[in-house]
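Report on the following structure.
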Amino acid sequence: MAGEKRAPLASIDDFSSICYYSPGRPKKLSDFSMPLLRKGEQDGGIELMENSENVENIAKYNVNKKLRPLVKVPQDRFNLVYLILVIHGVGTLMPWNMFITAKDYFVSYKLSEKYTGQQSEYAANFLQYIGFAAQIPNVFFNWFNIFIQIGGSLKTRIVWSIVIEVILFIFTVVLAMLDTSEYPGVFFWLTIASVVVINMAGGIYQNSVYGIAAKLDYTGAVVLGSNISGTFTSIINLISLAMAPSERTAAIYYFITALFVLLTCFDTYFALPLTKFYRYHEMMSAREQENKRQAGRRGVSQRTPYFAILKKCFPQCFNVFMVFFVTLAIFPAVHSDVKMVNPDFVIPDKYFVGVTCFLTFNLFAMLGNMVPGLFQWPGPKYLWVPVMLRILFIPFFLLCNYQPKDITRVFMPNFAFDDWTYWSGGVLLGLTSGYYSSLAMMYCPRCVETEYAPIAGMFGAAFLITGIFAGINFSLLMPILVSKVAIG
């Protein structure tokens, strides 16, 4: 109308700090005090939108039911942010993968009777001990980190977590250099203690990275990186075994490689704020938090509805849990104790476990993780069906030539699937683990409103770790089962 007072349109300069048109230093949220849109003379469909409205309206508005951009949304150029989160996915599981893949270094060298001159149960159940020590703090800190922001901001939590992991990997390298043959118990407990602390930091690191990824809808990047981590460590392990003159030297090279990966994660984290894409999403998140604080000052309750968020995303959290429960019930404890049936098999005995177990699982888990980029099936409603069918992998691997160390097998001792059948099962285990875990983790933050996606992503990560922990503990029953249940 002629006499109507109009709010001024926001200028391009006002948005320069949001990273669309200039890399300038972001302004304070309080600087954006003007209305972002005005009501047009002819377009009754345009509503006046103040800063306290839904932040999605900053980037688009409705005219005659058509969405038109107000400000150009920045793109992830060269997929740089995606690649950085893939690298952090590698880093989140690097400590775990390093310790379990280096099984021969601990079991056949540092804790072996040949090296120490004495028999020890430390070697017989090493992977179970490592898994237990690793996952208890990981589970606790993943859940704790959802409700309480340990160490303040995500930046503080991620940076200090990586620093702690780097220090402890240096300690692990030093232990590899020292002669511990006369003190196997001391070496074992120092290793366990370092694993506990590494995974306390790792739990915070992993959960925080998933929170960032959910905010950007890049959860799949972190899951992909996690699976690449396993493949990478398996390849490094095989190269170390082939090239190093001794198991001790191989372990030193192996753990130093982990140090370089963690330092790369440390550096690339600081590259994130340099990208317009990341700064835009950070600004959107900050605006939502500012709106909540303003609503709180007006007496509107803005407590985070944790239970409501969990209720909405629980079906996908359950899928995440079951995928990792079944996977970790088998890999690595049972999987790595499957022995060669045919001595003339195509893979030499020295590399049999390294190739058919660690490399195969991690490689195909990584490939399975890439498949959702091509298609996503089944949908969220029916994903539980194939996830539950994966339970059949447990009896399958028990019917392979599973021979736990220092255990006499009485469970169908005269029957075992041949090496090719076992290896094919390993391929399917890895492929389905990567594919269904990726689907479930991608569906999880999509089940809730955008503002709660980071919390849903953190719930997904917590259920992931809980599934790993439950699976590892369930794997402790497998040696008992095959040694006590006489069938066949």
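Heads up: the sequence shown begins at 8 in the working numbering, then just goes up one per residue.
Using N, Cα and C, we set each Cβ at its ideal position, and we do this for glycine too.
Nearest-angstrom Cα distance between residue i and residue j?
i      : j      : result
Tyr122 : Ala463 : 48 Å
Leu436 : Val378 : 15 Å
Ile414 : Pro402 : 18 Å
Ala141 : Ser127 : 21 Å
His288 : Met207 : 28 Å
Ile177 : Ile263 : 8 Å
Asp425 : Val348 : 6 Å
Ala228 : Met373 : 11 Å
Tyr276 : Ile171 : 16 Å
Arg397 : Ile235 : 22 Å
Lys319 : Pro312 : 11 Å
Cys407 : Gly474 : 24 Å
Gly380 : Pro322 : 22 Å
Gly478 : Phe400 : 13 Å
Ile143 : Lys162 : 24 Å
Phe359 : Asp83  : 42 Å
Val230 : Val166 : 20 Å
Trp384 : Val327 : 15 Å
Val93  : Lys357 : 32 Å
Ser343 : Thr282 : 42 Å
Ile53  : Arg453 : With a pLDDT of 33 at Ile53, under the threshold of 50, the modelled position of this residue cannot be trusted; read the value that follows with caution. Taking the straight line from one Cα to the other gives about 28 Å.
Gly209 : Lys299 : 30 Å
Lys117 : Ser188 : 7 Å
Leu36  : Ala302 : Its pLDDT being 38, under 50, Leu36 is placed unreliably in this model, and the value from its coordinates should be taken loosely. Each residue's alpha carbon lies about 15 Å from the other.
Pro33  : Lys79  : Confidence at Pro33 is low in this model, with a pLDDT of 42, below 50, so the placement of that residue is unreliable and no value is reported for it.
Phe382 : Tyr442 : 11 Å
Ala130 : Glu120 : 9 Å
Ala200 : Leu175 : 10 Å
Arg286 : Gln125 : 58 Å
Val333 : Ala468 : 16 Å
Ser292 : Asp274 : 23 Å
Val216 : Cys451 : 15 Å
Tyr190 : Asp351 : 39 Å
Arg416 : Tyr409 : 8 Å
Val345 : Arg310 : 51 Å
Pull the bridge partners of residue i from the DSSP assignment, please.
i      : result
Phe418 : Ile494
Tyr409 : Val345
One question on the structure: do residue i and residue j come within less than 9 Å of each other, judged by their Cβ atoms?
i      : j      : result
Leu269 : Gly98  : yes
Gly375 : Thr428 : no
Asn369 : Phe239 : yes
Phe113 : Phe133 : yes
Ile107 : Pro339 : yes
Ala244 : Asn149 : First, the residue type needs correcting, since residue 244 is Asn and not Ala in the sequence shown. Not in contact: Asn244 and Asn149 (Cβ atoms no closer than 9 Å).
Ser482 : Leu366 : no
Phe371 : Val330 : no
Val489 : Phe418 : yes
Val204 : Ile137 : no
Cys364 : Phe470 : no
Ile259 : Val180 : yes
Gly237 : Asn104 : yes
Ile169 : Cys272 : yes
Ile219 : Asn152 : no
Ala251 : Ala257 : yes
Ser233 : Leu446 : no
Thr198 : Leu185 : no
Phe404 : Gly361 : no
Ile337 : Val455 : no
Ser497 : Glu297 : The requested residue 497 is not part of the displayed model; the chain covers only 8 to 495.
Using 10 angstroms around the beta-carbon of residue i, count the other beta-carbons present and answer buried if the total reaches 16, otherwise exposed.
i      : result
Gly386 : exposed
Ile155 : exposed
Asp111 : buried
Met449 : buried
Pro76  : Reliability of the predicted coordinates at Pro76 is poor, the pLDDT of 45 falling under 50, and no value is obtained from them.
Asn145 : buried
Val492 : exposed
Arg164 : buried
Ile494 : exposed
Trp196 : exposed
Ile487 : exposed
Ser444 : buried
Met485 : buried
Pro280 : exposed
So with Cβ pairs under 9 Å, would you call residue i a contact of chain D?
i      : result
Leu269 : This model lacks chain D altogether, as it is built from one protein chain only.
Notebook entry, point to check: Is it true that the segment 385 to 405 meets the segment 459 to 476, where meeting means three or more beta-carbon pairs spaced less than 8 Å apart?
Noted result: With a cut-off of 8 Å, the segment 459 to 476 and the segment 385 to 405 do not count as touching, because too few Cβ pairs lie within range.
Margin query: With three or more C-beta pairs closer than 8 Å as the rule, is the segment 222 to 230 touching the segment 77 to 91?
Written below: These segments touch.
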